[in-house]
Amino acid sequence: MLRKKDVLGRSAVFIILFVLVNTSFNAFISTGTKTLEAGNEEKGPDWYAKPSSYAELVNWYQTLENEYPNYLEVFKANELYGTGTAEGGYDLYYVRITNESLGLHKPEVLFLGSPHGDETVGTIGLYWFTDWLMRMAFTNEPCPDYDKKWLRWLIDHREIYIEVAHNPYGFDHVQRYDGNGWDLNREADYDGPGSPTGGIWASVPGQTLYHFVNDHQIRVGCDFHGGVRELLYPWSSNHDNVYGTSPITGKTYSHAPPDFYYYDASALRLGDYIGDYGGDLNENNIGTIPDTVGYEAPGGMCPWGYGADVVSNPVEDPYVEDEIFGNYPGSGILWLSPEMSVTKNPAESTFGNDTVDRYGAEVRRFVLHQTDLAQPYILWQSDTPEETTWVPEGTPLTFRWQVNGSLVVDHTMIQWGTNPDPIHHPQYYTADHDEHAGDYVGGTGWDNAENGHTSGVVYEETIQFNEPGSYYLVAKAQVDQVYANVIHPEVYGDTPYLRIVKERTDDSYHETIDGADGTETVDGQLWWYSSVIHVIVGEDTVPPTTTLTLKGVTGENGWYISDTQITLIANDDLSGINYTMYSLNGNEWTKYTAPFRVGEGIYTIEYYSVDYAGNVEEIKTGSFKVDYSPPSTSCVLSGLEGQ
């Protein structure tokens, strides 16, 4: 049904049809982002190898940094924060994956190599995820399970941080504890310290971690483990008698956190998506730490990363030594502790490769799922009209989109009008897809996740534009609104702890920090928007017109006496300019993108433009001459030289 907000100056008639369909993940998410780097077609490794040492693992990451310098950075976090070296003389290397050319103020996620050195699946799997992501996103190597454009989109719109290993000494010596004999997952400042430790944040890895977290606005995090097959979330050693019952499975857990419902739903979906190579993940091995692993773990990273901001969450003040170490504004993270393998340090044969799905694939799926969840977003599907499209009057256009970065889609629709800003000035709306409003899951591209595959929802609307003009369309969505409800508000209060929940359910939420990358801000919003599609409607049989402009210092007789700037300005009154081409002195035709300069010479430039209706302008020609070198004069004397 069409709902009209404002009346156009002239009548406009639209015919709208909608279809809701499912799609598999390898058809999932297509964008108009960057193309692949031509000629880069190397093949992946035969197998995901295990490094012989922490130093070798760091070297592997540094090799990737050299191959992909614009997207991957390896740095010593202990030097950044002045925390010294870890026991045994180790530097603590962190890795950042993002498209650096687009800046650094994007949703951040953090994945730690295991704090227990002999639990190796996550530590090694994180490297092979990084290697796989770089090759799949930036080479022509086949990627059958994922759309390469979506992988590029993630790199453009996320900052993925990896700590190479939280316990380098333990990794090298294949032991749980660090060189001091400390358990690095018992020293966090939340109901800690546990044992054995040197006290709260006694280790250099611990000090480096809490400085890093306070310096960022991490939305999703984890510390990898092994020894059992489980996905663990807060709490760990307190709030024992606070219970939560899963609305999805009906199972009840003690030590339930205020964001229990979000943890429950997201971890269950993640468990299905990871796969079953290491064993099935379900409600019996996904849950709060004591109810699932069978014991309490005071001073664990997971509860600290989630709940140690006592300014925002004063209920947690008794468990945090903020009087000594200060508050932790960086917490509020959706932090999980995945136990990936029953065997702590499994054989190399269990890691698989790009196409043999073993632990390497399971770590990959874990990281992709959690990285996606960091912020809601909407992407048009590949068969939707281009961002600028021309059609004759009466042409039906089908728009298909998907909503992700969320657990449930409460509302989604297309809105549009003749104003170039359809987000703030819409005139028309399609029907509201509210089938899952108030539910805990449903309506996303991750629906029906299972063993690395999904059968997610794609929304579809067909709109017929019967009046000429320019129209601007955007898809929008509201997600995850049920998770604004905190479990047991009589214990925790009414406000969620999770940064990602507050960002998407509270439009008054505002958080700012001054971090290593400058000022970082999170502002809450209830609606999320796609990119804008511009549709131009009407008959167009007239080709565009292109004008050549030359800019330089003019001399005499038609010469320019400085470098000369060439500008091509194209105009089209209806469908708009698609592209402009030019050829300089008979060389190959080149697409014009911006003004350019030329030096000395005699030039002939040919040029033409094409509009979105396909009308091609006749080739035009211009000539000009550039000479800014002054003449030189020489003097030659002749005759007999005297004395």
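For reference, each letter of the sequence shown is one residue, going 3 to 645 in this note's numbering. Backbone N, C-alpha and C fix where the C-beta goes; we use that ideal spot for every residue, glycine too.
Closer than 6 Å by C-beta to TRP649: which residues in its own chain qualify, once you throw out the five before and the five after it? Chain order, please.
Coverage of the chain is limited to positions 3 through 645, which leaves residue 649 absent and any answer about it impossible.
Where LYS553 and GLN567 are concerned, what is the direct C-alpha to C-alpha distance, given to the nearest angstrom?
The alpha-carbon atoms of LYS553 and GLN567 are separated by roughly 5 Å.
Mind the definition here: the segment 60-75 touches the segment 119-139 only if three or more C-beta pairs lie below 8 Å; say whether that holds.
Taking a contact to require three or more Cβ pairs closer than 8 Å, the segment 60-75 and the segment 119-139 qualify as touching.
I'd like the list of long-range same chain contacts for VAL9, defined as Cβ closer than 8 Å, with 5 residues on each side in sequence excluded.
Low confidence applies to VAL9: its pLDDT is 28, below 50, so where it sits in the model is not reliable enough to give any reading.
Is the separation between the beta-carbon of SER648 and that of TRP392 shorter than 8 Å?
Any answer about residue 648 is impossible in this case: the structure gives the chain only from 3 up to 645.
Which stretch, first to last residue, makes up the beta strand (DSSP E) that contains MET583?
579-586
DSSP three-state label for MET342, please.
coil
How big is the Cα-Cα spacing for VAL369 and VAL123?
If I take the Cα positions, the gap works out to 13 Å.
What number of angstroms, rounded off, separates the C-alpha of PRO249 from the C-alpha of ILE489?
12 Å
Our contact map puts VAL555 next to PRO424 with C-beta atoms below 8 Å; I'd like the distance itself, whole angstroms only.
That pair is no contact at about 45 Å.
Would you mind giving the Cβ-Cβ distance between THR373 and LEU156, rounded to the nearest angstrom? I have them listed as a contact below 8 Å.
6 Å
What runs of the alpha helix (DSSP H), each 4 residues or longer, lie entirely inside the segment 39-77?
56-69
Which residue wins for smallest C-alpha separation from ASP359, given the options LEU409, THR549, GLY281?
GLY281
In angstroms, rounded to a whole number, what distance separates the CA positions of VAL544 and ARG160?
44 Å
Could you give the distance in angstroms between the alpha-carbon of ASN42 and the alpha-carbon of THR352?
For ASN42, the predicted model reports a pLDDT of 49, less than 50, meaning its position is unreliable; a value from the coordinates is still stated below. For the pair ASN42 and THR352, the Cα-to-Cα distance works out to about 29 Å.
Does the beta-carbon distance from THR87 to VAL206 come in below 8 Å?
It is a contact, given that the beta carbons lie within the stated cut-off.
According to DSSP, simplified to helix, strand and coil, what is PRO491?
helix
Assuming contact is defined by CB atoms lying nearer than 8 Å, are GLY46 and GLU110 in contact in what I supplied?
no
Pair every Cβ in the segment 414-429 with every Cβ in the segment 494-510, then say whether three or more of these pairs are closer than 8 Å.
no
Expressed to the nearest angstrom, what Euclidean distance is found between the alpha-carbon atoms of VAL612 and THR390?
VAL612 and THR390: Cα-Cα distance of roughly 14 Å.
Is LEU128 closer than 8 Å to PHE140 when the C-beta atoms are compared?
no
Say whether the segment 230-237 touches the segment 280-299, bearing in mind that this needs 3 or more beta-carbon pairs closer than 8 Å, one atom from each stretch.
yes
Where are the alpha helix (DSSP H) runs, 4 residues long or more, that stay fully inside the segment 329-375, in chain order?
Here the runs fully enclosed are 361-374.
Tell me the DSSP secondary structure of ARG501 in three-state form.
Residue state, collapsed to three classes: helix.
Give me the Cα-Cα distance between LEU82 and SER333, rounded to the nearest whole angstrom.
20 Å
Can the beta-carbon of ASP158 be found closer than 8 Å to that of ASN101?
Annotated as proximal: ASP158 and ASN101, with beta-carbon spacing under 8 Å.
Would you mind reading off the limits of the beta strand (DSSP E) that contains HIS413?
411-419
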